[in-house]
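Student: Shown below is the structure under consideration.
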Amino acid sequence: MYFSYKQDNWEWIEVEQQTDLKTELSKQSHMSSKWLDTLEKNKQDVIGNSTAVPDEEALWGRLTYEQSMQSKNDNRTFSFFLTKDTLLTSDLDQKLFPEEARAEMEQKLNDSENALQAFVVLLNAVLHKFLEQIDHFEYRLREMIWDIKDNNNMELLERIAQSRHELIIWNNLVIPLVETQMTLEETFDGEQLGALEYKRLCTRIKRIRILIREYSQEVEALTDMESLVSNQRGNEIMKTLTVITTIFTPAAVFGAIWGMNFKSIPEFEWAHGYAFALTVILSTTLGLYFYLKKKGWMGEILKTKSNKSIFK
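Heads up: the sequence shown is residues 26 to 337, going by the numbering used here.
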C-alpha cells in the first residue's frame with residue numbers, strides 16, 4: 026500500500042500490486058470470489074456492479090487511463106472497487122495526470138462527502154487528462170488542414186490515416202468511462218454522487234464525445250479533399266500526357282514512314298524533300314493542336330497555375 030486518503034466517514038486506499046488489491050477486497054464481506062477471478066482474467070477495461078444487498082451496493086472494474094497512439098500494449102490501467110464508504114484502487118499512478126488535474130483532485134477530495142464523490146473526482150481527473158491530450162490532437166489537425174493546400178503527398182495521406190486511427194482509439198477509451206458513469210447511476214442513489222461534481226463528470230464526457238465526433242467529421246472532410254485533389258491532379262497529368270501524345274502522333278507517324286529501310290522512297294530524291302517533310306510534320310502537328318483547342322479538349326494544361334491554388 027502506498028497511498029491512503031481517509032475522511033471521517035470514507036477512505037480511499039491505493040495499493041501497489043494486484044495481489045494487494047485482492048487482499049483488500051477479501052475484507053469486503055459481500056465481495057464474491059467470482060469478481061476477483063473476473064478482475065484477474067480481464068486485462069482490459071471491464072465494469073461490474075452489485076445491488077443485491079441494500080446499503081452495500083458496489084461497483085468494480087478496470088479502466089485505461091493512459092494509452093499510446095503507436096503501440097497497443099503501451100498502456101496503463103487501474104483496477105477499482107467502490108462502495109459508499111470505501112474506494113480501493115490498484116496500479117494508479119497519479120503522476121501521469123497533469124499537475125493541474127492533480128491539484129484540482131486533491132482540493133476536491135477534501136470536499137467529498139463519501140467514496141462515491143471521491144471516485145467521481147478521480148474520473149474527472151482522467152477526463153481532464155484526455156481533454157488535454159485531445160487539445161494537442163486539435164493543434165496537429167489544424168496543421169493538416171493547411172498542409173493539404175500546400176503539400177499534398179503520401180506523407181500527408183499517412184498523417185490523415187493516423188489521425189483517423191487516433192480518433193478511433195480515443196472513442197474506444199471514452200466508451201468504458203461512459204459505461205462507468207451510467208453504472209454509477211444504476212448502482213447508487215443519485216443524491217450520494219454529489220450534484221455539482223457529478224454534473225461536471227457528465228458534461229466532460231459529453232464534451233469529449235462531441236469533440237471526437239466533430240474531429241472525426243473534419244478528418245473525413247480532409248480525406249475527401251485529399252482524394253479530390255489527388256484525383257484532379259491525376260486527371261490533369263493523364264490529360265497532359267494524352268494531349269502531348271496526340272499532338273506528336275503525326276511527327277511519329279511521318280518519322281516512322283520516312284525511317285523505313287526501303288530502297289525506293291521517292292521523297293529521298295527530291296531537292297527540297299527535307300523542307301517538305303518538316304512542313305508536313307509541323308502543319309499536321311499545329312493543325313491537330315488547334316483542332317484540340319477548338320474542341321476544348323486542351324483544358325487548362327497550358328495555363329500558369331496560381332500559387333494560391335490547391336490543385337497546382
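Just so it is clear, CB atoms sit at the ideal spot from N, CA and C, and this is done for glycine as well.
As the structure is a prediction and not an experimental result, all values here were calculated from the model.
Pick out whichever of Met94, Asp118, Asp136 has its Cα sitting closest to the Cα of Lys31.
Tutor: Counting from one through the sequence shown, the residue named residue 31 turns up at place 6. Checking every option, the nearest Cα to that of Lys31 belongs to Asp136.
Student: Taking Gln69 as the reference, which of Glu82, Asp80, Ala83, Tyr90 has the closest Cα?
Tutor: If you number the sequence shown from 1, residue 69 lands on position 44. The shortest Cα separation from Gln69 among Glu82, Asp80, Ala83, Tyr90 belongs to Tyr90.
Student: Would you kindly check if the distance between the Cβ of Trp283 and the Cβ of Ala1 is under 8 angstroms?
Tutor: Any answer about residue 1 is impossible in this case: the structure gives the chain only from 26 up to 337.
Student: As a quick exercise: from Glu36, Leu147, Asp175, Phe122, pick the residue whose alpha carbon is nearest that of Met250.
Tutor: Along the sequence shown, one-based indexing puts residue 250 at 225. Cα-wise, what sits closest to Met250 is Asp175.
Student: Decide if the stretch 230–237 is in contact with the stretch 199–219; the criterion is three or more beta carbon pairs, one per stretch, under 8 angstroms apart.
Tutor: At 8 angstroms Cβ cutoff, the stretches touch.
Student: Whole angstroms is fine: what's the gap from Arg189's alpha carbon to Asn74's?
Tutor: For the purposes of this step, residue 189 is taken as residue 164 along the sequence shown, with counting starting at 1. For the purposes of this step, residue 74 is taken as residue 49 along the sequence shown, with counting starting at 1. The alpha-carbon atoms of Arg189 and Asn74 are separated by roughly 33 angstroms.
Student: Buried or exposed for Ile235, please, with buried defined as at least 16 other CB atoms from any protein chain shown within 10 angstroms of its CB.
Tutor: As a first step, residue 235 must be located in the sequence shown, where it is residue number 210. By the neighbour-count rule (16 or more Cβ atoms within 10 Å), Ile235 is not buried but exposed.
Student: What does the Cβ neighbour count give for Thr76, buried or exposed, with the cut at 16 atoms within 10 Å?
Tutor: Here residue 76 refers to the residue found at position 51 when the sequence shown is read from its first residue. When all chains shown are included, Thr76 counts as exposed.
Student: Taking 8 angstroms as the threshold (C-beta atoms), are Trp37 and Leu112 in contact?
Tutor: As a first step, residue 112 must be located in the sequence shown, where it is residue number 87. As a first step, residue 37 must be located in the sequence shown, where it is residue number 12. Yes.
Student: Go through its chain and collect everything with a Cβ distance to Ala276's Cβ below 7 angstroms, but skip five positions before and after it.
Tutor: By one-based count along the sequence shown, residue 276 stands at place 251. For Ala276, where only same-chain residues beyond five positions count, the Cβ hits under 7 angstroms are Ile306, Thr310.
Student: Between the C-alpha atoms of Leu84 and Pro123, what's the straight-line distance to the nearest angstrom?
Tutor: Translated into positions along the sequence shown, residue 84 becomes position 59. Translated into positions along the sequence shown, residue 123 becomes position 98. Going from the Cα of Leu84 to the Cα of Pro123 covers about 26 angstroms.
Student: Give me whichever residues DSSP pairs with Ile72 in a beta bridge.
Tutor: If you number the sequence shown from 1, residue 72 lands on position 47. Ile72 pairs with Gly86.
Student: Cα separation between Val199 and Phe155?
Tutor: For the purposes of this step, residue 199 is taken as the residue at position 174 of the sequence shown. For the purposes of this step, residue 155 is taken as the residue at position 130 of the sequence shown. Straight-line Cα distance between these residues: approximately 9 angstroms.
Student: Residue range of the alpha helix (DSSP H) that Ser96 falls in?
Tutor: Working through the sequence shown from its first residue, we reach residue 96 at position 71. Where Ser96 is concerned, there is no enclosing alpha helix (DSSP H), given that its DSSP letter is neither H nor E.
Student: Would you tell me roughly how many angstroms separate the C-alpha atoms of Thr329 and Trp171, rounded to the nearest one?
Tutor: To locate residue 329, count along the sequence shown from 1; it is residue 304. To locate residue 171, count along the sequence shown from 1; it is residue 146. Low confidence applies to Thr329: its pLDDT is 49, below 50, so where it sits in the model is not reliable, and the reading given next is rough at best. The alpha-carbon atoms of Thr329 and Trp171 are separated by roughly 22 angstroms.
Student: If contacts are defined as beta-carbon pairs under 8 angstroms, then Val151 and Gly219 qualify, I think. What distance do you get, rounded to the angstrom?
Tutor: Position 126 of the sequence shown, counted from the first residue, corresponds to residue 151. Position 194 of the sequence shown, counted from the first residue, corresponds to residue 219. Contact flag wrong, Cβ pair sits at about 17 angstroms.
Student: May I ask you to check if the CB of Ile194 is nearer than 7 angstroms to at least one heavy atom of the ligand HEM?
Tutor: The ligand content of the structure shown is nil, which means the ligand HEM is not present either.
Student: Note down, in chain order, each residue of its chain lying with its Cβ closer than 6 angstroms to the Cβ of Gly298, except the 5 sequence neighbours on either side.
Tutor: Position 273 of the sequence shown, counting from 1, holds the residue named residue 298. Cβ neighbours of Gly298 beyond the five flanking positions: Glu292.
Student: To which residues of the same chain is Ala140 closer than 8 angstroms at the C-beta, ignoring the five residues directly before and after it?
Tutor: Position 115 of the sequence shown, counting from 1, holds the residue named residue 140. Answer for Ala140: Trp35, Glu36, Trp37, Leu107, Thr108, Lys109, Asp110, Thr111, Leu112, listed in chain order.
Student: Taking only the alpha-carbon atoms, compute the straight-line gap between Gln92 and Arg225 and give it to the nearest angstrom.
Tutor: Here the question's residue 92 lines up with position 67 in the sequence shown. Here the question's residue 225 lines up with position 200 in the sequence shown. So the alpha carbons of these two residues sit roughly 23 angstroms apart.
Student: Give the secondary structure of Ile38 by DSSP, where H, G and I count as helix, E and B as strand, and everything else as coil.
Tutor: In the sequence shown, counting from the first residue as 1, residue 38 sits at position 13. Reduced to three states, the DSSP call for Ile38 is strand.
Student: Excluding sequence positions up to five away, which residues of its chain have a Cβ less than 6 angstroms from the Cβ of Thr102?
Tutor: Within the sequence shown, residue 102 is the residue found at index 77, counting from 1. Contacts found: Arg87, Thr89.
Student: My output table needs one value for Glu91: the three-state DSSP class, helix, strand or coil.
Tutor: As a working mapping, residue 91 is identified with position 66 in the sequence shown. In the structure shown, Glu91 sits in a strand (DSSP, three-state: E or B).
Student: Just how far apart, CA to CA, sit Ser57 and Asp33?
Tutor: By 1-based counting over the sequence shown, the position of residue 57 is 32. By 1-based counting over the sequence shown, the position of residue 33 is 8. Only weak support exists for where Ser57 lies, its pLDDT of 49 falling under 50; the value from the coordinates is given anyway. Ser57 and Asp33: Cα-Cα distance of roughly 27 angstroms.
Student: Should Glu216 be labelled buried (16 or more other beta-carbon atoms within 10 Å of its own) or exposed?
Tutor: Against the sequence shown, residue 216 aligns to sequence position 191. By the 10 Å Cβ count, Glu216 comes out exposed.
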